[in-house]
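These protein sequence lines map, in sequence, to chains E and C. Be aware that the first sequence starts at 1, since it is given in our numbering, and climbs by one per residue. Be aware that the second sequence starts at 1, since it is given in our numbering, and climbs by one per residue. Beta carbons are placed, not taken as given, at the ideal position from N, Cα and C, and that holds for glycine. Note that the structure is predicted; figures quoted are calculated from it, not measured.
Protein chains: 2
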Amino acid sequence: MAKRQGLVGNMLIAQSGGPTVVINQSLVGAVCEAKKHGVIRKIYGSRHGIKGILGEQFIDLGRESAATLEKVAQTPSSGLGSVRKKPKPEECAAMFQVMQKYDIRYFFYIGGNDSAETAHIVNEEAQRTGYELRCYHIPKTIDNDLLENDHTPGFGSGARFVACAFMGDNLDNRALPGVKINIVMGRHAGYLTAAAALGRQFDDDGPHLVYLPERPFDVEKFAADVKGVYARRGRCVVAVSEGISDKNGTPIAAAYTKEVDSHGNVQLSGSGALGDLLAGIIKSKTDISRVRADTLGYLQRSFPGVVSEVDAKEARTVGQLAVRHAVTGDPNGSIAIRRKPGAKYAVSFERVPLRNVAQKTRHMPDAFINAAGNDVTPAFIRYALPLVGKLPVIGRFKGYAVARK
Amino acid sequence: MAKRQGLVGNMLIAQSGGPTVVINQSLVGAVCEAKKHGVIRKIYGSRHGIKGILGEQFIDLGRESAATLEKVAQTPSSGLGSVRKKPKPEECAAMFQVMQKYDIRYFFYIGGNDSAETAHIVNEEAQRTGYELRCYHIPKTIDNDLLENDHTPGFGSGARFVACAFMGDNLDNRALPGVKINIVMGRHAGYLTAAAALGRQFDDDGPHLVYLPERPFDVEKFAADVKGVYARRGRCVVAVSEGISDKNGTPIAAAYTKEVDSHGNVQLSGSGALGDLLAGIIKSKTDISRVRADTLGYLQRSFPGVVSEVDAKEARTVGQLAVRHAVTGDPNGSIAIRRKPGAKYAVSFERVPLRNVAQKTRHMPDAFINAAGNDVTPAFIRYALPLVGKLPVIGRFKGYAVARK
């Protein structure tokens with residue numbers, strides 16, 4: 001389709017998938033940008049993603065005050081509500097009927113790869129059925145698994161939470177030694193779990209082991225790894241992705257859940273079963289008495305106040321740029337974040353085709369995973385550290401030993 | 001025992017029980033105060049509480065730089081390491097032999113009611129066996145369950161974490177509705193679980209239900225409560241104490257664990273079993289499809305950066321005052337925090353006898369729990385809000401509804 005400019009109509013924006021603490025930055029960035037463009041008349045927000053389009057549950061975002069917009073921008077979780085839903089062709093047709101009634105010509109969908117798939121489907125169906133629509137996906141996911149992107153908005157803050165959680169838990173484990181297993185979000189990509197290592201500062205700091213979904217998880221190897229660390233350090237902190245799978249690709253957690261959403265994803269979060277399973281394995285295969293497991297859970301994507309400033313800023317920018325591109329450039333696409341070469345952290349933003357980010361998952365590259373498959377590499381630390389902001393200061397006594405008498 | 005002054009000797013300080021994010025403030029407060037008193041010569045720290053005394057694992061805290069001390073003060077978890085151990089009389093005798101060798105005449109033990117019990121035992125045994133020792137307990141516990149105290153150091157920051165966690169999780173649940181159950185620490189006292197309510201701002205904010213160990217937990221009532229809220233709100237966020245027990249006093253989580261420490265405490269934390277059990281109950285007794293459970297876990301006591309300033313300051317003060325009292329006042333005791341009457345938050349500190357805080361648990365008063373036993377009262381909010389510091393700002397769209405076409 002050729003580039004068009006000056007398309008006049010109303011705008012509809014919505015949020016989809018798991019929330020992040022900066023997803024509203026993207027929303028507010030898009031709304032504020034839209035106000036600058038005369039071709040966009042009304043700015044509607046749909047409640048709970050495409051569910052709100054089908055049910056005509058719209059709010060008038062153009063009437064929200066600047067003060068409210070700024071407060072919402074700093075607030076975690078999807079301010080418009082979210083949904084996990086993949087539209088069928090007949091649902092797309094129903095949505096276009098609604099959009100026609102409200103003269104919606106600009107559509108923005110903020111979310112991860114499933115949401116990008118939804119935007120892609122909506123865009124394809126609009127073209128196929130001749131409904132004139134500019135359709136953009138705005139990236140968001142703590143999983144950091146969108147193709148085309150160096151990293152995704154939401155990851156930096158999620159990674160900051162995970163890094164801080166492990167910094168604190170490492171100190172807790174140092175005070176009361178034992179084996180501590182923490183389950184981290186990330187269905188198919190290990191980035192968020194890998195972020196557990198970002199706060200390591202002293203030689204003996206945990207996590208001492210990091211298990212990612214990019215490598216097959218072997219129970220015997222896991223138990224042997226933990227035994228080895230425990231023998232050396234007298235304690236062991238382990239970061240485990242909720243998405244770890246066996247050599248056949250079956251998620252280790254799959255035995256404990258039956259829930260599947262319409263994108264085909266099995267429920268992994270919102271349960272402590274995987275952590276308890278792994279703790280049980282260590283208890284049964286070793287003689288270590290103190291074994292504990294926590295599942296970091298939804299706090300990773302919603303805890304207020306633990307925000308990476310660079311992440312918040314980039315989330316705002318992708319929202320702004322999606323609107324700017326839709327008005328003045330390509331009729332559809334997604335905004336991708338690229339990192340500029342060089343020692344100093346800097347990014348650029350680029351419009352990419354919807355199909356390039358839809359559905360598919362970007363995995364951790366081999367260069368970020370150690371040979372044993374149980375830790376990250378310094379290359380990962382260099383990659384991820386600029387994304388999380390300055391981490392809390394951790395002090396430790398020099399510990400001048402007193403000679404025994 | 002009469003008051004004595006001018007006792008010259010060395011000082012030993014140690015930490016015990018579960019860490020907090022401000023326990024090192026108390027440690028550093030005591031060390032800095034000790035440096036001001038000529039009668040205290042050396043300042044030793046014992047590794048891992050009384051275990052380090054029995055094993056002569058001491059470090060020379062007097063040699064740590066001011067910069068290191070300040071960094072450690074701001075660092076979560078017990079900088080000297082911790083332990084859960086109740087000393088037997090023969091272990092006390094062994095400890096006095098060690099103390100004698102190092103000429104220790106001032107002993108400070110930072111911890112909760114179990115640690116106060118340890119300090120009390122050490123003090124009684126010292127008097128019984130004629131070992132001259134000034135012995136103080138310095139209060140610390142996120143559980144907020146020490147007698148004699150209006151509140152305890154560590155609670156304000158733990159409560160801040162829990163309040164923030166529920167603020168974020170409430171927004172998450174609002175975006176993706178369903179039932180969400182979060183398990184909060186607190187073995188016998190519900191204060192920390194009650195803190196889940198401190199961030200409520202809008203009428204429909206969760207937690208919508210709060211279950212405390214002070215009231216018997218009834219599975220049928222729980223399911224009916226959740227169904228009622230879900231019917232009214234289309235969602236339900238629930239705060240549950242890890243220590244909830246049935247009408248016979250048996251912890252609901254007890255069926256899932258066998259571990260008991262030397263103070264007689266059953267392991268409740270470090271497992272997701274209770275949350276998963278409660279989620280299973282809701283799934284089986286209702287037709288609500290999306291039911292999730294998280295266990296907030298050790299993050300509540302160790303997450304860096306989420307600190308209540310008033311809590312940090314008070315933790316510092318109780319450390320200072322314990323040393324000051326030991327040098328110039330009663331030979332033993334514990335420092336208690338009292339709240340001054342009046343609308344503006346202010347506290348005073350008082351020395352209380354060790355036996356008054358040892359072992360026993362302070363529970364939530366009836367005035368803090370609603371009649372139905374499933375929420376806190378405004379009196380609790382007034383009590384606890386000054387302790388957690390200013391909470392993060394939460395914004396919400398006015399949500400000007402667009403008329404359906």
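Fill in: Which residues DSSP lists as bridging C:M11, in chain order
Counting from 1 along the second sequence, the entry for residue 11 of chain C is found at position 11. According to DSSP, C:M11 bridges with C:I43, C:Y106.
Worksheet item: What residues are listed by DSSP as bridge partners for E:C135?
Response: Locating residue 135 of chain E in the first sequence gives position 135, where the first residue counts as 1. Paired residues: E:F107, E:N332.
Fill in: Any chain E beta carbon closer than 8 Å to C:Y345
On the second sequence, position 345 is the one that residue 345 of chain C refers to. Chain E, which has no Cβ nearer than 8 Å to the Cβ of C:Y345, makes this no.
Discussion item. Tell me which residues share the same chain as E:A126 and place their Cβ nearer than 7 Å to its Cβ, disregarding the 5 neighbours each side in the sequence.
Written reply: In the first sequence, counting from the first residue as 1, residue 126 of chain E sits at position 126. Cβ within range, chain order: F96, L133, C135.
Worksheet item: Quick one: what's C:T295 bridged to in DSSP?
Response: In the second sequence, counting from the first residue as 1, residue 295 of chain C sits at position 295. Answer is C:I183, bridged to C:T295.
Discussion item. Could you tell me the alpha carbon to alpha carbon distance between C:L80 and C:N149, rounded to whole angstroms?
Written reply: By 1-based counting over the second sequence, the position of residue 80 of chain C is 80. By 1-based counting over the second sequence, the position of residue 149 of chain C is 149. Those two C-alpha atoms are separated by around 25 Å.
Discussion item. Check whether the segment 180-189 of chain E and the segment 310-319 of chain E are in contact - that is, three or more C-beta pairs closer than 8 Å.
Written reply: no
Worksheet item: Does C:G164 come within less than 8 Å of chain E when only Cβ atoms are used?
Response: Within the second sequence, the letter at position 164 stands for residue 164 of chain C. The question names Gly, but residue 164 of chain C in the sequence shown is Cys. Yes, C:C164 counts as interfacial toward chain E.
Fill in: Residue range of the alpha helix (DSSP H) that includes C:V393
One-based indexing of the second sequence puts residue 393 of chain C at position 393. Taken as a continuous stretch (DSSP letters only), C:V393 belongs to no alpha helix (DSSP H), as it is neither H nor E.
Worksheet item: According to DSSP, what are the bridge partners of C:R339?
Response: To locate residue 339 of chain C, count along the second sequence from 1; it is residue 339. Beta-bridge annotation (DSSP): C:R339 is paired with C:V347.
Worksheet item: For C:F58, which three-state DSSP category applies?
Response: Here residue 58 of chain C refers to the residue found at position 58 of the second sequence. Here C:F58 sits in strand by DSSP.
Practice prompt. Check each residue of the segment 31-61 of chain E: if its Cβ is closer than 9 Å to any Cβ of chain C, include it; give the result in chain order.
Written response: K42, Y44, G45, R47, H48, E56, Q57, F58, I59, D60, L61
Discussion item. Taking the beta strand (DSSP E) that C:A239 belongs to, which residues open and close that run?
Written reply: Counting from one through the second sequence, the residue named residue 239 of chain C turns up at place 239. Element bounds for C:A239: 236-241.
Fill in: Those residues which DSSP pairs with E:L209 across a bridge
Working through the first sequence from its first residue, we reach residue 209 of chain E at position 209. The partner list for E:L209 (beta bridge, DSSP) reads E:V238.
Discussion item. Let me check understanding here. Comparing Cα to Cα, which of E:R84, E:C32, E:D225 lies closest to E:R47?
Written reply: Residue mapping note: residue 47 of chain E aligns to position 47 of the first sequence, counting from 1. Ranking the options by Cα distance to E:R47, first place goes to E:R84.
Item to complete: Please list, in chain order, all residues of the same chain as E:V8 whose beta carbon is under 6 Å from its beta carbon, the five residues on each side excluded.
Response: Position 8 of the first sequence, counted from the start, is the residue given in the question as residue 8 of chain E. Correct list, in chain order: V39.
Discussion item. Using beta carbons (cut-off 8 Å, strictly below), is E:L133 in contact with chain C?
Written reply: As a working note, residue 133 of chain E is residue 133 in the first sequence. Taking Cβ atoms only, chain C never reaches closer than 8 Å to E:L133, which makes this a no.
Discussion item. Using a Cβ-Cβ cutoff of less than 7 Å, which residues in the same chain neighbour E:T118 once the five nearest sequence positions on both sides are dropped?
Written reply: Position 118 of the first sequence, counted from the first residue, corresponds to residue 118 of chain E. Taken in chain order, the residues that qualify are S16, I50, K86, P87, Y109.
Fill in: Whole-Å CB distance - E:S302 paired with E:V22, under 8 Å assumed
Working through the first sequence from its first residue, we reach residue 302 of chain E at position 302. Working through the first sequence from its first residue, we reach residue 22 of chain E at position 22. About 11 Å; that fails the 8 Å criterion.
Practice prompt. Quick one: which residues of the segment 373-401 of chain C get their C-beta closer than 9 Å to a C-beta of chain E? List them in chain order.
Written response: L391, P392, V393, I394, G395, R396, F397, K398, G399, Y400, A401
Worksheet item: So what does DSSP say about E:A189, is it helix, strand or coil?
Response: Taking the first sequence and counting its residues from 1, the one referred to as residue 189 of chain E is at position 189. In the structure shown, E:A189 sits in coil (DSSP, three-state: anything other than H, G, I, E or B).
Worksheet entry | For E:V291 and E:D276, the rounded distance between their alpha carbons | Counting from one through the first sequence, the residue named residue 276 of chain E turns up at place 276. Counting from one through the first sequence, the residue named residue 291 of chain E turns up at place 291. Their Cα atoms are separated by approximately 10 Å.
Item to complete: Return the CA-CA distance between C:S284 and E:P331, expressed in angstroms with no decimal places.
Response: Within the second sequence, residue 284 of chain C is the residue found at index 284, counting from 1. Within the first sequence, residue 331 of chain E is the residue found at index 331, counting from 1. In a straight line, the C-alpha of C:S284 is about 48 Å away from that of E:P331.
Worksheet item: Where E:G190 and E:L387 are concerned, what is the direct C-alpha to C-alpha distance, given to the nearest angstrom?
Response: Taking the first sequence and counting its residues from 1, the one referred to as residue 190 of chain E is at position 190. Taking the first sequence and counting its residues from 1, the one referred to as residue 387 of chain E is at position 387. One C-alpha to the other measures close to 16 Å.
Practice prompt. Check the C-beta distance from C:A175 over to E:S271 and give it rounded, since I have them as a contact under 8 Å.
Written response: The residue labelled residue 175 of chain C in the question sits at position 175 within the second sequence. The residue labelled residue 271 of chain E in the question sits at position 271 within the first sequence. So it is not a contact: roughly 19 Å between Cβ atoms.
Worksheet entry | Positions along the segment 66-80 of chain C whose CB lies within less than 7 Å of some CB in chain E | T68, K71, V72, Q74, T75, P76, S77, S78, G79
Item to complete: Compute the distance between the beta-carbons of E:K405 and C:Y131, then report whether it is under 8 Å.
Response: Your numbering for residue 405 of chain E matches position 405 in the first sequence. Your numbering for residue 131 of chain C matches position 131 in the second sequence. Going by C-beta atoms, E:K405 is not nearer than 8 Å to C:Y131.
Worksheet item: Among residues of its own chain, excluding the 5 on either side of E:F161, which ones have a beta-carbon nearer than 6 Å to its beta-carbon?
Response: Position 161 of the first sequence, counted from the start, is the residue given in the question as residue 161 of chain E. Contacts found: Q300, F303, V306.
Worksheet entry | Between the CA atoms of C:L391 and C:L209 - distance to the nearest angstrom | By 1-based counting over the second sequence, the position of residue 209 of chain C is 209. By 1-based counting over the second sequence, the position of residue 391 of chain C is 391. Approximately 21 Å between the Cα atoms of the pair.
Practice prompt. Excluding the 5 residues preceding and the 5 following C:Q359 in the sequence, name in chain order all residues of the same chain whose CB lies nearer than 6 Å to its CB.
Written response: Here residue 359 of chain C refers to the residue found at position 359 of the second sequence. Here the set comprises N113, E117.
Worksheet item: In angstroms, rounded to a whole number, what distance separates the CA positions of E:Y400 and C:D60?
Response: Position 400 of the first sequence holds residue 400 of chain E. Position 60 of the second sequence holds residue 60 of chain C. Taking the straight line from one Cα to the other gives about 5 Å.
Worksheet item: Of all the CB atoms in chain E, is at least one closer than 8 Å to the CB of C:A175?
Response: The residue given as residue 175 of chain C occupies position 175 in the second sequence. It does: the Cβ of C:A175 has a partner Cβ on chain E nearer than 8 Å.
Discussion item. Residues of the segment 134-154 of chain C in Cβ contact with chain E at a cutoff of 7 Å, in chain order, please.
Written reply: none
Item to complete: Could you check if E:S82 is buried or exposed, using at least 16 other CB atoms within 10 Å of its CB as the buried criterion?
Response: Within the first sequence, residue 82 of chain E is the residue found at index 82, counting from 1. That one is buried.
Worksheet item: In angstroms, rounded to a whole number, what distance separates the CA positions of C:T141 and E:E220?
Response: Position 141 of the second sequence holds residue 141 of chain C. Position 220 of the first sequence holds residue 220 of chain E. Here the alpha carbon of C:T141 sits roughly 38 Å from the alpha carbon of E:E220.
Worksheet item: Based on the DSSP secondary-structure assignment, which residues constitute the bridge partners of C:A371?
Response: As a working note, residue 371 of chain C is residue 371 in the second sequence. DSSP, once it has assigned bridges, lists no residue as partnering C:A371.
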